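Some notes on the structure that comes next.
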Amino acid sequence: MDCKEFRELIQGYLDGELKDSKKQEFEDHLLTCKKCREKLEKAQMVKSALQDRLKELPSAAFLESQILERIRRKRYRLYSAIAVAAAVIISIAIGFISTDMRKITRKIETPVNVKYVKGTKNLENKSVKNVKRIVQQVEKQQKKEISPLPEEKAKVALVFPQDGDIIDEMGEVVLYVEPGVKKFTLLIDGEKKDLEMKRENDLVFIPLNILEDGPHSLTIESSETEEVIFYKEGRG
Amino acid sequence: MFQQRSRRGESPPPFEEVVRMYSDRIFKLAFYFVQDYYDALDITQDVFLLAYKNYRKFRFESDPYTWLYRIAINRINRIRQKEARIKKVELSDNIEGGENPLDIVEKEDKINRLNKIIDSLPDVYKDVIFLKYYEGLNYKKISNLLSIPIGTVRSRLARARKSIEKMMEVGNGL
Chain A
1 MDCKEFRELI
11 QGYLDGELKD
21 SKKQEFEDHL
31 LTCKKCREKL
41 EKAQMVKSAL
51 QDRLKELPSA
61 AFLESQILER
71 IRRKRYRLYS
81 AIAVAAAVII
91 SIAIGFISTD
101 MRKITRKIET
111 PVNVKYVKGT
121 KNLENKSVKN
131 VKRIVQQVEK
141 QQKKEISPLP
151 EEKAKVALVF
161 PQDGDIIDEM
171 GEVVLYVEPG
181 VKKFTLLIDG
191 EKKDLEMKRE
201 NDLVFIPLNI
211 LEDGPHSLTI
221 ESSETEEVIF
231 YKEGRG
Chain B
237 MFQQRSRRGE
247 SPPPFEEVVR
257 MYSDRIFKLA
267 FYFVQDYYDA
277 LDITQDVFLL
287 AYKNYRKFRF
297 ESDPYTWLYR
307 IAINRINRIR
317 QKEARIKKVE
327 LSDNIEGGEN
337 PLDIVEKEDK
347 INRLNKIIDS
357 LPDVYKDVIF
367 LKYYEGLNYK
377 KISNLLSIPI
387 GTVRSRLARA
397 RKSIEKMMEV
407 GNGL
């Protein structure tokens, strides 16, 4: 082995990645060449300095509990929305019973599994026709496994934002893209954005670059994910 | 451990177990890149929140760390891009312009010198340094994780090491 080859192999030797035969040749050369020995010593010094510094990376106090707490808060927000939606629907249902609208009441007898209901915010002022439509949505929603990630059919599923989520100035769409998907289209506030997958990946992050506060809509074309309404930070 | 469970056909472990096993490693990764405790904490929380939302989709055929690492690197890059934009604005106000990394090294005391040197390296070098010298992964695993050839892993490590050697020479050693 000459000095040139030796120097090319220093990194592999340092990292324990040389085959036994090469390692032997490397070590034989080491015994005979002072300059190469010095090169290796320098490289070893850098390696151990790096390892020492990296060992000093700090840990965060109560990290696990902070993460789990944030997840719980997120769940709580969802469940609060469920509770509000269910309460509104039940109170409307009671209203309908009193006005003898049993047909609609039957449809909302079991709103237990409702995870969210679009447009429930202003239900009180809706016409009977609109309430009926919303109730049908609830029913439709109940029939499905309610999830932002449809299991079987979805090739591209939306992970974030979900209905009612608030994004900040760095807000981005997070998608789960199944292997094999090459192209798909996002509709952000009705504007088409064609995307091409450069390599297979399970999660894809796409910056939204939305500046205006307030509600925005997002749909994925040819996907099971329904339109979601999210908000840019600053709402209310 | 997770992959073995998957092979045995068992259901995935509770998400809390994933948090317990990987949160410290992801925090350290984030801190290594952003060098700020609270930013690293935010990134770590974001990573696990996203992972939680997507947990049912994860099939445990690969190492969960690979999955979490990729989410984390995406978050880190977003933060760093934002910071870079801010720095650019700051620099345009300063006629002196930026400093040469070697000049920065000269000014720092010995304890912080290597941290500063690592920080001044391009991200592609920092990636491999972390995975090799903190995580202790072999070239094959790093190659899978970063989707780059094994030869590229080696050459990036070698170039990173040589750059560090050069900068340390300027600073008269460690």
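In order, the protein sequences belong to chains A and B. Residues in the first sequence are numbered consecutively from 1, following our numbering. Residues in the second sequence are numbered consecutively from 237, following our numbering. Using N, Cα and C, we set each Cβ at its ideal position, and we do this for glycine too. It should be emphasised that the depicted structure is a prediction, and the values quoted were computed from it without experimental measurement.
(request) Flag residue 44/A as yes if its beta-carbon sits less than 8 Å from any beta-carbon of chain B, otherwise no. (result) Position 44 of the first sequence holds residue 44/A. Answer no: the Cβ-Cβ gap between residue 44/A and chain B never drops below 8 Å.
(message) Suppose the cutoff is 6 Å on Cβ atoms and the five residues either side in sequence are ignored; what does the same chain contact list for residue 282/B look like?
(response) Residue numbering aside, residue 282/B sits at position 46 when the second sequence is read from its first letter. The residues are 311.
(message) Using a 10 Å radius around the Cβ and a threshold of 16 neighbouring Cβ atoms, would you call residue 172/A buried or exposed?
(response) Your numbering for residue 172/A matches position 172 in the first sequence. When all chains shown are included, residue 172/A counts as buried.
(request) Confirm, please, whether the CB-CB distance from residue 11/A to residue 397/B is below 8 Å. (result) Sequence index remark: in the second sequence, residue 397/B carries index 161 (1-based). Sequence index remark: in the first sequence, residue 11/A carries index 11 (1-based). Closer than 8 Å, so yes.
(request) List the endpoints of the continuous alpha helix (DSSP H) containing residue 228/A. (result) Indexing the first sequence from 1 puts residue 228/A at position 228. No alpha helix (DSSP H) holds residue 228/A; the beta strand (DSSP E) holding it covers 228 to 232.
(message) Less than 8 Å between the beta carbons of residue 268/B and residue 366/B, yes or no?
(response) Here residue 268/B is taken as the residue at index 32 of the second sequence, counted from 1. Here residue 366/B is taken as the residue at index 130 of the second sequence, counted from 1. Yes, the Cβ-Cβ distance between residue 268/B and residue 366/B is below 8 Å.
(request) Under the assumption that residue 286/B contacts residue 156/A (Cβ atoms under 8 Å), give the Cβ distance between them as a whole number of angstroms. (result) For the purposes of this step, residue 286/B is taken as residue 50 along the second sequence, with counting starting at 1. For the purposes of this step, residue 156/A is taken as residue 156 along the first sequence, with counting starting at 1. Rounded to the nearest angstrom, the Cβ distance from residue 286/B to residue 156/A is 16 Å, too far for a contact under 8 Å.
(message) Relative to the C-alpha of residue 186/A, which candidate in 198/A, 207/A and 179/A has its C-alpha closest?
(response) For the purposes of this step, residue 186/A is taken as the residue at position 186 of the first sequence. For the residues 198/A, 207/A and 179/A, the minimum Cα distance to residue 186/A belongs to 207/A.
(request) Would you mind reading off the limits of the alpha helix (DSSP H) that contains residue 194/A? (result) Position 194 of the first sequence, counting from 1, holds the residue named residue 194/A. No alpha helix (DSSP H) holds residue 194/A; the beta strand (DSSP E) holding it covers 191 to 196.
(message) Can you check whether the C-beta of residue 285/B is within less than 8 Å of a C-beta belonging to chain A?
(response) Working through the second sequence from its first residue, we reach residue 285/B at position 49. Residue 285/B counts as touching chain A.
(message) Does the structure place the stretch 254 to 263 of chain B close enough to the stretch 36 to 49 of chain A that three or more beta carbon pairs sit under 8 Å?
(response) no
(message) Please list, in chain order, the chain B residues whose beta carbon lies closer than 7 Å to that of residue 155/A.
(response) The sequence position of residue 155/A within the first sequence is 155, counting from 1. Residues of chain B passing the Cβ test: none, with the nearest at roughly 13 Å.
(request) Using three-state DSSP, classify residue 164/A as helix, strand or coil. (result) Working through the first sequence from its first residue, we reach residue 164/A at position 164. If DSSP states are grouped into helix, strand and coil, residue 164/A belongs with coil.
(message) I'd like to check one pair, residue 183/A with residue 194/A: are the Cβ atoms closer than 8 Å?
(response) As a first step, residue 194/A is located in the first sequence; it is residue number 194 there, counting from the start. As a first step, residue 183/A is located in the first sequence; it is residue number 183 there, counting from the start. Going by C-beta atoms, residue 194/A is nearer than 8 Å to residue 183/A.
(request) Could you tell me the distance, in whole angstroms, from the CA atom of residue 358/B to the CA atom of residue 381/B? (result) Reading the second sequence from its first residue, position 122 is the one you call residue 358/B. Reading the second sequence from its first residue, position 145 is the one you call residue 381/B. So the two alpha carbons sit approximately 18 Å from each other.
(message) Residues in the same chain with beta-carbon distance under 7 Å from residue 262/A, minus the five sequence neighbours each way, listed in chain order, please.
(response) This structure leaves residue 262/A out entirely; chain A is present only between 1 and 236.
(message) For residue 192/A, which residues in the same chain have their Cβ closer than 7 Å to its Cβ, ignoring the five residues on either side in sequence?
(response) Mapped onto the first sequence, residue 192/A falls at position 192. For residue 192/A, where only same-chain residues beyond five positions count, the Cβ hits under 7 Å are 185.
(request) Drop a sphere of 10 angstroms on the beta-carbon of residue 392/B, count the other beta-carbons inside from all chains shown, and report buried for 16 or more, exposed for fewer. (result) The count along the second sequence starts at 1 and reaches residue 392/B at position 156. Buried, since its Cβ has 16 or more Cβ neighbours within 10 Å.
(request) Return helix, strand or coil for residue 265/B, following the three-state DSSP convention. (result) The residue you call residue 265/B lines up with position 29 of the second sequence. Correct three-state label for residue 265/B: helix.
(message) Given this structure, state the Cα-to-Cα distance separating residue 354/B from residue 394/B, to the nearest angstrom.
(response) For this step, residue 354/B is matched to residue 118 along the second sequence. For this step, residue 394/B is matched to residue 158 along the second sequence. One C-alpha to the other measures close to 14 Å.
(request) Check whether the Cβ atoms of residue 315/B and residue 262/B sit closer than 8 Å, and answer yes or no. (result) Your numbering for residue 315/B matches position 79 in the second sequence. Your numbering for residue 262/B matches position 26 in the second sequence. The Cβ-Cβ distance between residue 315/B and residue 262/B does not fall below 8 Å.
(request) Could you tell me whether the Cβ of residue 365/B comes closer than 8 Å to any Cβ of chain A? (result) Translated into positions along the second sequence, residue 365/B becomes position 129. Yes, because at least one Cβ of chain A sits closer than 8 Å to the Cβ of residue 365/B.
(message) Just to confirm, is the Cβ distance from residue 228/A to residue 161/A under 8 Å?
(response) Counted from its first residue, the first sequence places residue 228/A at position 228. Counted from its first residue, the first sequence places residue 161/A at position 161. Yes.
(request) Output yes or no for whether 8 Å exceeds the beta carbon distance between residue 375/B and residue 389/B. (result) Here residue 375/B is taken as the residue at index 139 of the second sequence, counted from 1. Here residue 389/B is taken as the residue at index 153 of the second sequence, counted from 1. Yes, the Cβ-Cβ distance between residue 375/B and residue 389/B is below 8 Å.
(request) Give a yes or no on whether 8 Å exceeds the smallest Cβ distance from residue 277/B to chain A. (result) As a position in the second sequence, residue 277/B is number 41, starting the count at 1. Closer than 8 Å: yes.
(message) To the nearest angstrom, how far is the alpha carbon of residue 260/B from that of residue 33/A?
(response) For this step, residue 260/B is matched to residue 24 along the second sequence. For this step, residue 33/A is matched to residue 33 along the first sequence. So the alpha carbons of these two residues sit roughly 44 Å apart.
(request) For residue 69/A, verify whether its CB is less than 7 Å away from any heavy atom of the ligand FMN. (result) Judged by which ligands are present, the structure shown has none, so any question about the ligand FMN falls away.
(message) Judging by CA-CA distance, which residue of 73/A, 212/A and 42/A is the nearest neighbour of residue 402/B?
(response) The residue labelled residue 402/B in the question sits at position 166 within the second sequence. The option with the nearest alpha carbon to residue 402/B is 42/A.
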